[in-house]
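Protein sequence lines correspond, in order, to chains A and B. Using our numbering, read the first sequence as starting at 1 and increasing by one per residue. Using our numbering, read the second sequence as starting at 1001 and increasing by one per residue. Cβ atoms here follow ideal geometry from the backbone N, Cα and C, with glycine treated the same way. Model, not experiment: these values are computed from the prediction. Structure first, commentary second.
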Amino acid sequence: MTFNEHDLVNGCKQRNRLAQKQLYDVFGGKLFAICMRYTRNRSDAEDVLQDAFIKIYENIGTFRNDSPLEYWLRSVVVNTALNHLRQQKYLKDLDDIEVYENGIADREVTLGDFQMQQLTGFIQELPPGCQVIFNLYAIEGYQHNEIAQKLGISEGTSKSQYARARGILQQKLNREKRFDDGSVRNRQF
Amino acid sequence: MMDPSETDNFRNQWRKALENASEPPPPSVWEGIEARLDRDEKDIIPLWWRRPRLWYAAASVIALLLVAGGVWVNQFDSVKELSGTSSGVATTHKTSPQLDNKLGSEQTSDAHPGVKPENANEEAIAAVSEQPKMLPEKHLVVKGRSTKEVSQKHQQNGEIHLDTKNSLAETKQDIGLEDKNILRETSDALPSVKPENAKEGAIAAVSEQPKMLPEKRLVVRGISRKEVSQKHQQNGEIHPDTKSSLAEAKQDLGLENKNILREKEQPGREMALFEQSKSLTQMGNVQAMAPVASNENSALAVHALTPVSYSELDVFMPKRYIFFKPETLKEEPLPEIKKRSEYYAGVGVMPASFNPNVQIKDAPVAFASMQNNSRHKALTGTNKPGNSFALQTQGGMRLSKHWSLEMGVSYLKGNAKYEGGGQVLDAVSARPSNVLENALIGLADKHAIPNSPSYGGSVGMHDMYASSIYLDVNRNVNNNYQYLQLPVQAGFTLNPDKKLSYSVLGGMMANFFLSNELEAASGNMIKTTPGDDVYRSMNWAATTGLRFNYKLSAKWKANLTGSYQKAISSGFKANQSLESHPFLYGVSWGVRYSF
């Protein structure tokens, strides 16, 4: 789909419904995938996406063209998802946890063998704190100190929760036994 | 210690796999967004109302209109002024025909349609503008000469046969001609000169001295017009050649090339110069000519400066949508989104503990006459709940995410035991009865309970009471109730979409009495039905409970419900000596199907 980002933004600023719909059509899929990663189920993801787009339309006037529109949209969606999780008390008790090595030799797993829905499902099954921190750190690219500031937790908590998420995901991937070869490698991610 | 590069590898793989992931959201999401946007827009002040740019545009348009209006008013005033000037000139013509320079030219134009007065005007303006500095001196000279000649012309009664040589000499001096040869040739050719060429000759002579041209032209043309008017006044005729001469003079005035002018240096034209000089002498009132010419020039100047009317101008106005109305307002209203209601039906079975909670309000007659110590014990009965059960069916509707309303039909079989403190032995029939049985027998006597085979119908109660014997031995009887229950309950569910959810229930229940069997160990039984008019056919009970729902599949749920029911009115009718407020504890197991 071809579109002019500048015109799209201007149309949304003027509350032009066609422009709003086009914005939704262009970015709705990607943003919904983000919502799916941050929530526990599809119903919650739909709620978050709806809230996020309302915020986007209401605050599109604050968007400046000095950064790509998609980054701005992603940030709005992530913040909306975090607010949603706070309301659901999912982020209430995020403590520093001790991570145990499972002692199982992990194999190098090629994620390309998995479908996106499967990977999203793995993330959704993570404990809430782990899920959020994994998303922020691994996918969105935030650093631990930024995550700590964003969630009001310590940097150590962020690291330990991420390590826990990583361990759980490794186990899930290994359990699926979809390896790029049959070899066993003493290698972790 | 984990290798950082491996950590980065892990992150990179996940990021690569999910960063640009996309999954189309269901259509209901956009419908919800659109509905909320529509709802929000109702409270929004129209956008154009608070956009300063549009206010600026509106102010600009107003300013433009004001300026256009001012210009139009000024133009209107100018037109009025101009028309006033024209009428003033016309008045002057009427009052002083001799001063009507313009009128003379118009008359000339009438006689010679080929000449337009506008051309004369243009020439006058051009002449004035070309060498204004030279004008006063020459004008004075010509004017002085003309005054003399005018007096002579008045005496000659309009004939233009003059001493041409003298006139030519004077003319040469007056108009500053320096080429004596031309003048000589003119004087030689004078007899053959015709009046028709007078103007051409005059113009040609003037054209030889371009520096002096404007003044000459002004004077010459003035003279010719004056001459015409004078002729008209004196003879009532207009010399037809004068007009042609004037037309030619105009043409010649437009030529700037001296060569062209020299070509006109013909004898006839020089004669015309003579004729012109003669005309100068005929000018009756040159002094009067000046103000007339001035008026004419000013009127012409004003006429030339008059702007083209508005209708002939191309006005380019930018098209602007000043009052912007969002297109969304034109869209048809969206149909209301109706969220599909969820209904469910369920069945269950509830083991329960039922207690009829029967109390003796008034002691039966057989117990009333006892001694106090025995009486107290005899009247003290204890209700002990027995094993009961209920078969339940439910139908419900999910009102919202958390709230639901359900109704049902249940069959309750409530078993209980009543332990009486003592018993009365009937002396006649030797049948024992505790206080509950005795009270029911009393009710049977009162209402003639037909379903009490043990005691039959009406027995001689008073006789029985009179001959009864109290035995201080406990006597237990079983109470077996049967009810049909119709509960109506509201439920609030926590975590409704989760695998395990919790519901808090509360509501009312209508208990329809079916029957009660009071059975003693000896086999004696008192059965009561609604028709006996002992129990209320329906009494109300409050119910509450806590339910655990486990989601088996999208449609099926299993539930475990803890219930408590307590009657809020007595099971017996109000005028009875017995009172009963049954209550029940139970745990229900059931399944539910949503559709």
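- At least 9 Å separates the beta-carbon of N1415 (chain B) from that of T1493 (chain B).
- Neighbours of E46 (chain A) across chain B, judged by C-beta separation under 9 Å: P1025, P1026, S1028, V1029 and G1032.
- Chain-ordered, the chain A residues with CB closer than 7 Å to the CB of S1022 (chain B) read G29, K30 and A33.
- Look at the beta carbons and you see the stretch 152-162 of chain A not touching the stretch 113-122 of chain A: under three pairs across the two are nearer than 8 Å.
- Spanning the alpha carbons of A81 (chain A) and N65 (chain A) requires a straight line of approximately 24 Å.
- Residues of chain A with a Cβ closer than 8 Å to the Cβ of E1019 (chain B) are, in chain order, I139.
- Proximity of chain B to F53 (chain A) at the Cβ level (cut-off 7 Å) is accounted for by I1033, in chain order.
- Distance from the CA atom of K1384 (chain B) to the CA atom of E1419 (chain B), rounded to whole angstroms, is 8 Å.
- For the pair of segments examined, the stretch 1024-1033 of chain B was found not to touch the stretch 140-157 of chain A: the number of CB pairs separated by less than 8 Å stays below three.
- Between the alpha carbons of G1348 (chain B) and G167 (chain A) lies a gap of roughly 44 Å.
- Going by C-alpha positions, G1491 (chain B) is about 19 Å away from K1555 (chain B).
- Considering only beta carbons, the part of the stretch 10-25 of chain A lying closer than 9 Å to chain B consists of Q14, R15, N16, R17, L18, Q20, K21, Y24 and D25, in chain order.
- In the structure shown, the three-state DSSP call for F1572 (chain B) is strand.
- Rounded to the nearest whole angstrom, the CA to CA distance from E1579 (chain B) to V1534 (chain B) is 11 Å.
- At least one CB of chain B lies nearer than 9 Å to the CB of R166 (chain A).
- Chain order gives the chain A residues near Q1013 (chain B) as L111, where near means a beta carbon separation below 7 Å.
- With fewer than 16 neighbouring CB atoms inside 10 Å of its own CB, Y71 (chain A) falls in the exposed class.
- Beyond the five residues adjoining it in sequence on each side, S1501 (chain B) comes within less than 7 Å, by CB distance, of T1493, L1494, N1495 and N1549 in the same chain, given in chain order.
- For A1416 (chain B), the enclosing beta strand (DSSP E) stretches over residues W1403 to G1420.
- Of the candidates B:I1360, B:L1018 and B:G1545, B:I1360 places its Cα closest to the Cα of G1571 (chain B).
- About 7 Å separates the beta carbon of G1408 (chain B) from that of G1395 (chain B), a gap short enough to meet the 8 Å contact definition.
- Burial state of S1060 (chain B) is exposed, judged by a 10 Å Cβ sphere holding fewer than 16 other Cβ atoms.
- The C-beta of H6 (chain A) has fewer than 16 other C-beta atoms within 10 Å across all chains shown, which makes the residue exposed.
- Judged by DSSP in its simplified three-state form, K150 (chain A) adopts helix.
- Separation of R1398 (chain B) and S1404 (chain B) (C-alpha to C-alpha, rounded to the nearest whole angstrom) is 4 Å.
- CA-CA distance, V77 (chain A) to S1563 (chain B), rounds to 44 Å.
- Think of a sphere of 8 Å around the beta carbon of N41 (chain A): the chain B residues whose beta carbon falls inside it are D1497, in chain order.
- One Cα belongs to R74 (chain A), the other to E125 (chain A), and the distance between them is close to 22 Å.
- Contact with chain A is absent for F1354 (chain B), since none of that chain's Cβ atoms lies less than 9 Å from the residue's Cβ.
- Of the candidates B:N1387, B:S1388, B:H1402 and B:N1516, B:H1402 places its Cα closest to the Cα of S1341 (chain B).
- For L1578 (chain B), the uninterrupted beta strand (DSSP E) segment begins and ends at L1578 to S1580.
- Nearest CB-CB separation between E125 (chain A) and chain B: not below the 9 Å threshold.
- Taking 9 Å as the threshold, the shortest C-beta distance from T120 (chain A) to chain B falls below it.
- Within the stretch 53-70 of chain A, the residues whose Cβ lies closer than 7 Å to some Cβ of chain B are F53, I54 and Y57, listed in chain order.
- Per the coordinates, the alpha-carbon of Y1344 (chain B) lies some 18 Å from the alpha-carbon of G1506 (chain B).
- Residues of chain A whose Cβ lies closer than 7 Å to the Cβ of R1036 (chain B) are, in chain order, I54.
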